[in-house]
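The structure under discussion appears below in the form of structure tokens.
In the numbering used here, the protein residues as written are 7 to 339.
Written as structure tokens, this is what we have:
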């Protein structure tokens, strides 16, 4: 994998950078953002890592060096100008939240790096690789091309980025190149055990209570080929959980034997529904998400619906049923 030379020339040639990722950021977005910031600063660049105003840094990622220095969009003076905005792991400009306005008004150029096949950001430099595991894998290539040594802190950020988007190297997007890069990051100082413990083994009791309720309320379609796990707003309030506490609930729905498509429906305070979609082998959930106004990857996508929870369930379940049928999978009710 070779990144575009003109993209590297821009990163080397410009002096001030605003780096951001999507709202409700994950390990891939945060890890890639921090690793690039470390590398550009080693080249003497001025760098600000900025997230949308409503975004909370996930607690299980706060072990990464640099997270405490990440700014909210309101922390950045409106008069500050940046040579380049680097948008990472975001399928469209709306996914950057309140940072989008600063990018539009305060940045001369846009560098868009992503591995979502549905990316439609029109930057000055767009490097989209839907065939790689993660933006972190692409960022490894960028940092290598910049000629910057990857130290232990950057290695841990990149390892976190790649491992979280591959399900600890268990998803079908894991390739031999992915594993080669992970091995190199370990040689650079990343600790697989530390990353796993920090990311996956810091569950609160309240999140487990919420999860138990969701699992007991799980529903199935297509004779068990489609599983739907629902997180109501009432559940979150009663159990005192945040969006970070319920991250990963969909993996339990996906792990059930016989399930091909897993769906998570999360109800927000304003009534909107956050939809997450996962598939194992045969169904392209990116196309399903596109029909709902969202996007993502073949095996992992999502969208937001502005309708009641029951309507959202029926809409998504009907589309999933059609997608499973069109994929050639049959079932008996």
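C-beta atoms are modelled at their ideal positions from N, C-alpha and C, and glycine is treated no differently.
The structure presented is a predicted model; accordingly, all values stated were derived computationally and were not measured.
Return the chain-ordered list of same chain residues with a C-beta closer than 7 Å to the C-beta of residue 34, the five sequence neighbours on each side being excluded. Reading the chain shown from its first residue, position 28 is the one you call residue 34. Excluding sequence neighbours, residue 34 sits near 95, 140, 141, 142, 167, 170, 171.
Residue 25 classed as buried or exposed, judged by whether at least 16 other C-beta atoms fall within 10 angstroms: Here residue 25 refers to the residue found at position 19 when the chain shown is read from its first residue. Buried.
Return the residue from the list 214, 153, 233, 189 that minimises the CA-CA distance to residue 242. By one-based count along the chain shown, residue 242 stands at place 236. Among 214, 153, 233, 189, the Cα nearest to that of residue 242 belongs to 214.
Give a yes or no on whether the C-beta atoms belonging to residue 29 and residue 58 are separated by under 8 Å. Working through the chain shown from its first residue, we reach residue 29 at position 23. Working through the chain shown from its first residue, we reach residue 58 at position 52. Yes, the Cβ-Cβ distance between residue 29 and residue 58 is below 8 Å.
Can you tell me which of 91, 60, 101, 163 puts its alpha carbon nearest to the alpha carbon of residue 350? What the structure shows of the chain is the stretch from 7 to 339, and residue 350 is not part of that stretch, so it cannot be assessed.
N- and C-terminal bounds of the beta strand (DSSP E) containing residue 132: Counted from its first residue, the chain shown places residue 132 at position 126. Run containing residue 132: 131-134, per the beta strand (DSSP E) assignment.
CA-CA distance, residue 51 and residue 249? Position 45 of the chain shown, counting from 1, holds the residue named residue 51. Position 243 of the chain shown, counting from 1, holds the residue named residue 249. Cα to Cα, the separation comes out at about 34 Å.
For residue 150, the nearest candidate out of 134, 61, 48 (CA to CA): As a first step, residue 150 must be located in the chain shown, where it is residue number 144. Answer by Cα proximity: 48.
So, at 8 Å on beta carbons, what are the nonlocal neighbours of residue 68 in its own chain, with the 5 sequence-adjacent residues on each side left out? Within the chain shown, numbered from 1, the residue matching residue 68 stands at position 62. The residues are 74.
State the DSSP-derived secondary structure class of residue 162, mapped to helix, strand or coil. Here residue 162 is taken as the residue at index 156 of the chain shown, counted from 1. Residue state, collapsed to three classes: helix.
Starting from the Cα of residue 129, find the closest Cα among 13, 182, 153, 175 and give me that residue. The sequence position of residue 129 within the chain shown is 123, counting from 1. Closest option to residue 129, Cα to Cα, is 13.
Among the candidates 328, 92, 43, 226, whose CA atom is the shortest distance from the CA of residue 263? For the purposes of this step, residue 263 is taken as residue 257 along the chain shown, with counting starting at 1. Of the candidates 328, 92, 43, 226, the one whose C-alpha sits nearest the C-alpha of residue 263 is 226.
What are the boundary residues of the beta strand (DSSP E) that residue 311 is part of? Residue mapping note: residue 311 aligns to position 305 of the chain shown, counting from 1. Counting along the chain, the beta strand (DSSP E) containing residue 311 begins and ends at 306-311.
Ignore the nearest five residues each way along the sequence and tell me which others in residue 125's own chain have a CB closer than 6 Å to its CB. The residue you call residue 125 lines up with position 119 of the chain shown. The answer, listed in chain order, is 97, 134.
Residue 84 in three-state terms, based on DSSP: Residue mapping note: residue 84 aligns to position 78 of the chain shown, counting from 1. DSSP places residue 84 in coil when its eight states are reduced to three.
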